[in-house]
Amino acid sequence: MKRYETLGRFLGEPLLHFLLLGALIFGAYKFISNETIEPGKILITQGRIEWLEIAFSRTWRRPPTASELEGLIRDYVREEVFAREAVALGLDKDDTIIRRRLRQKLEFVSEDVAAHAEPTDEQLRAYLREHPEAFRGDRWFTFRQVYLDPQRRGANLRRDATQLLAQLRRARSNVDIAMLGDSLMLENEFKALPDREVVKQFGEKFAAALGEMPVGQWQGPTESGFGVHLVIIAERTDGSMPALEDVRAAARREWTHARRLEANEKFYGTLLQRYVVTIERPETVKASDVKQVAEAQ
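Its first residue numbered 1176, the sequence shown is counted upward by one per residue in our numbering.
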């Protein structure tokens, strides 16, 4: 029984899927193209022509005309000539763009394996549990604020904020806050405002402060993009985790992206094992050496 379980886990490994798919891709390509590169000869096989037709049809949503197909073939021959001559001259060596493109193409092949995997509901639910912040709903804040303008208050800003905070705490809710503080093109009271709107109107620093404040007591001064505020939170509702049925598309997209990254890392790790990497770092300069150089100068 254990033998079958081990075999099942082995067959379910993404890396095995990659190796099998890679072998099929390269085998099928070799079978279709049947092209061999010989010095001084360029062979355009029927498989290559069909590939050019397919590529054109995918781009333009129609097959190429006879003249267009001839143009594709001429362009491919031109590209092949220049590519071979460039490689012969060593122009592909140490070229950052070429190296980056080759890396991307190999990564695309490894990522494509994960893209074809379909997650089960249990896998998606597990992903939701492991990454709650990516799907949790907004926090909501009901609060009141009194604004103090730093430019108007100047050096008295801290003193004025301390005195006004004490006044508000003594009065609690028995005060008209519209008559306090300085004017601002925002409301004094907000009801059930989601945190993304708090960030949009007041800035991230202010929103983060609201998330840490105790409920039911005036606090401050709290900084925003406008200046400073005295704030009292009447109610704060933390975002809840949605059901899988409500975020299935987003969960599947994020799960697939994570699987692609995982497959890419596993593939890279397997390739890296084929190499011995030696990094020649500059020697650390001793303080005594620096002193000797300075004295010599």
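Built from N, CA and C at the ideal position, the CB exists for glycine as well. Keep in mind that this is a model prediction, so the values were computed, not measured.
Asked, Found
"Taking contact to mean at least 3 C-beta pairs separated by less than 8 Å, is the segment 1338 to 1357 in contact with the segment 1432 to 1445?", "no"
"From residue 1236 to residue 1222, what distance separates their C-alpha atoms?", "20 Å"
"What number of angstroms, rounded off, separates the C-alpha of residue 1220 from the C-alpha of residue 1256?", "16 Å"
"Does DSSP put residue 1546 in a helix, a strand or coil?", "Past the boundaries of the shown model lies residue 1546; the chain is included only from 1176 to 1472, so the question cannot be answered."
"Closest to residue 1311 by C-alpha separation, out of 1370, 1218, 1447 and 1227, would be which residue?", "1370"
"DSSP three-state label for residue 1473, please.", "Summary: the structure shown does not reach residue 1473, with the chain confined to residues 1176 through 1472, and so no result is reported for it."
"Alpha carbon to alpha carbon, how far is residue 1322 from residue 1405? Give it in angstroms, no decimals.", "7 Å"
"With H, G and I counted as helix, E and B as strand and the rest as coil, what does DSSP make of residue 1369?", "strand"
"Among 1438, 1448, 1424 and 1449, which one has its Cα closest to the Cα of residue 1295?", "1424"
"Could you check whether residue 1357 and residue 1324 sit closer than 7 Å to each other, using their CB atoms as the reference points?", "yes"
"Tell me the residue span of the beta strand (DSSP E) that contains residue 1405.", "1403 to 1412"
"Would you mind stating whether residue 1419 and residue 1299 have Cβ atoms separated by less than 7 Å?", "yes"
"Using a 10 Å radius around the Cβ and a threshold of 16 neighbouring Cβ atoms, would you call residue 1307 buried or exposed?", "exposed"
"Taking 7 Å as the CB-CB cut-off, is residue 1371 touching chain B?", "Here chain B cannot be found, since the structure has a single protein chain."
"Which stretch, first to last residue, makes up the alpha helix (DSSP H) that contains residue 1396?", "Run containing residue 1396: none in the alpha helix (DSSP H); it sits in the beta strand (DSSP E), 1394 to 1398."
"My assumption, with CB atoms under 8 Å, is that residue 1407 sits in contact with residue 1319. Please give the rounded CB distance.", "5 Å"
"Ends of the alpha helix (DSSP H) at residue 1140?", "Coverage of the chain is limited to positions 1176 through 1472, which leaves residue 1140 absent and any answer about it impossible."
"Alpha carbons only, please: which of 1401, 1456, 1301 and 1392 is nearest the one belonging to residue 1361?", "1401"
"Once the 5 residues before and after residue 1152 are set aside, which same chain residues still bring their CB inside 8 Å of it?", "What the structure shows of the chain is the stretch from 1176 to 1472, and residue 1152 is not part of that stretch, so it cannot be assessed."
"State buried or exposed for residue 1242, treating a residue as buried only when at least 16 other CB atoms are found within 10 Å of its CB.", "exposed"
"Identify which residue in 1303, 1316, 1317 and 1282 has its Cα closest to the Cα of residue 1437.", "1282"
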